[in-house]
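Before any comments, here is the structure.
Numbering (the numbering used here), first residue to last: 25 to 531.
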């Protein structure tokens, strides 16, 4: 549902109020859930909005770390900014008529008679947070200046950001949405005014559920013309470039998670390429049954990345015959926001270049080191390794999530050529069943860095992560788990060396 999609936070406490409040300066609510008990049934599209805002924010004020709840009688709450404001990590359980309105100050309104002759500009910032179930607008800008929405999430909301179309005083306004994600059903994400030459900026906006009418966002950007016979004359759907006077942005501004692409041969990414798959779901039709631990892996990678290449925004799916897909990096690479529906044998392999392998005869005499980066994304259901580093250099995995995968990141234990490797996992989450999150070669003095790791479900054998870090001596050498460290323990080995605080355990 929407709360899960936006990763809606849990409140620290719940408080009730019958009246709104005027606030100024910096206000940190420390994730309180505040509920306005107003008139019953006011969160109803058939009954006009009839209560004051929960908070009226004076010019320059900030509201941080707040959840606006819904009362049992159906009353929701909004915020009214009277001048520049910042809303940081603010969440709305039910946006209803409005989440926040961005207005001018009362002093500005009292002296302002027309658009010309006053250079006052306000800045309204929404940073983080999210909103659910808005049947009108999430954010509405009526004051002059600019609104910036970033790192935001909304689900089941009709309009995300709108420039007021029927205000008594009108201006050219700047509207920006960046680094945010949305899921419908909804009408549009951005709504500037065509006749007032509003300026629009859209960048790294992800749209989910576009192929399902029940979760579809109909339009990315619509230039409104007040009382127009055809209100959709200037409208652009997600995934298409905006070519209007206000809605002007490249198609790459939006990532649409809806398209499927089936291939039998895979893709090749050159070292000088940064390939954005725009959240395509790619499936490899290989040999039936190859995603089977009893049958050796026998197909080529779905994406091969040459030294220096980047792959971003892709979902690697599972074909109907059971074939999964992996990525093969031949030298340094970056995998950004890549997702695996079924890891199977491997999600990605980090290797050396073919040229390096041809000239390399032993560990000494060559200082080559590659850098393999995984930033964001996630993986499910791997019965062997998610990531395997065989090339020299370092692997960095950050902002990653994995569930039901045997090994997170492994340094190759049986490769013909071996090296000291650096392996880092940070700001990532894991839920088992998992054998070990990271495995290092003790005999080659691999270096391990772990920071801000969260392990879930460790009080249940069905979801337990047995070890966080394991040092081993290749394959079939003594007890492979002799130098292994459990969640909650500090790593005290030569490779697995980190404080207990590096890993947080949530049972």
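Cβ coordinates follow ideal geometry from the N, Cα and C atoms, glycine included.
On a predicted model such as this, the values are computed, not experimentally measured, just so you know.
When only Cα atoms are considered, residue 54 and residue 36 end up about 7 Å apart. About 7 Å separates the beta carbon of residue 93 from that of residue 58, a gap short enough to meet the 8 Å contact definition. Using a 10 angstroms sphere on the CB of residue 164, the tally of other CB atoms reaches 16 or more, which defines it as buried. In the three-state scheme derived from DSSP, where H, G and I count as helix and E and B as strand, residue 277 is classed as helix. If one requires a minimum length of 3 residues, the beta strand (DSSP E) runs lying completely within the region 400-436 are 402-413, 417-422, 425-435, in chain order. If you check the CB distance, residue 325 and residue 290 come in under 7 Å. By the criterion of a C-beta distance shorter than 8 Å, residue 488 is surrounded in its chain by 456, 457, 458, 481, 482, once the five residues flanking it on both sides are discounted. Contact check for residue 220 against residue 257 fails: the beta carbons are separated by 7 Å or more. Note that the C-beta distance between residue 466 and residue 431 is not below 7 Å.
DSSP places residue 247 outside both helix and strand once states are collapsed to three, so it counts as coil.
One Cα belongs to residue 370, the other to residue 267, and the distance between them is close to 42 Å.
Each of 332, 492, 91, 392 was checked against the Cα of residue 27, and the nearest Cα belongs to 91.
Counting only unbroken stretches of 3 or more residues, the beta strand (DSSP E) elements lying wholly within the region 196-256 are 197-207, 210-215, 223-232, 241-246, in sequence order.
Between the region 104-113 and the region 186-205 there are fewer than three inter-stretch CB-CB distances shorter than 8 Å, so the stretches are not counted as touching. For residue 181, the uninterrupted beta strand (DSSP E) run begins and ends at 177-187, by DSSP.
In this structure, residue 279 keeps its C-beta atom at 7 Å or more from the C-beta atom of residue 204. Looking at the DSSP output, residue 450 bridges to 422, 475. For the 7 Å CB-CB criterion, residue 247 and residue 274 do not form a contact. As summarised for the region 83-141, the continuous alpha helix (DSSP H) elements at least 4 residues long and confined to that stretch are 130-135, given in chain order. Looking at the backbone, the Cα of residue 102 and that of residue 288 are separated by about 52 Å. For residue 355, there is no enclosing alpha helix (DSSP H), as DSSP gives it neither H nor E. Between residue 520 and residue 464, the beta carbon gap of about 6 Å places them in contact (Cβ cut-off 8 Å).
Counted as a single uninterrupted DSSP element, the alpha helix (DSSP H) harbouring residue 378 occupies residues 378-383. When the alpha-carbon of residue 180 is set against those of 128, 144, 233, 189, the nearest one is in 233. Between residue 133 and the set 125, 124, 144, 123, the nearest pair of CA atoms involves 144.
In this structure, the alpha-carbon of residue 218 lies about 20 Å from that of residue 277.
Nearest Cα to residue 111 within the set 128, 122, 135, 85: 85. Going by DSSP, residue 528 is part of the beta strand (DSSP E) stretching over 527-530. CA-to-CA, the gap between residue 89 and residue 56 works out to about 7 Å. Separation of the CB atoms of residue 263 and residue 296 is rounded to 25 Å, and the pair is thereby denied contact status at 8 Å.
A distance below 7 Å separates the beta carbons of residue 100 and residue 118.
The closest CA to that of residue 527, considering only 517, 518, 510, is found on 510.
In the DSSP assignment, residue 165 forms a beta bridge with 126, 187. For residue 177 against residue 30, the beta-carbon gap comes to about 4 Å, under 8 Å, which counts as contact.
If you check the CB distance, residue 366 and residue 412 do not come in under 7 Å. One Cα belongs to residue 78, the other to residue 45, and the distance between them is close to 6 Å.
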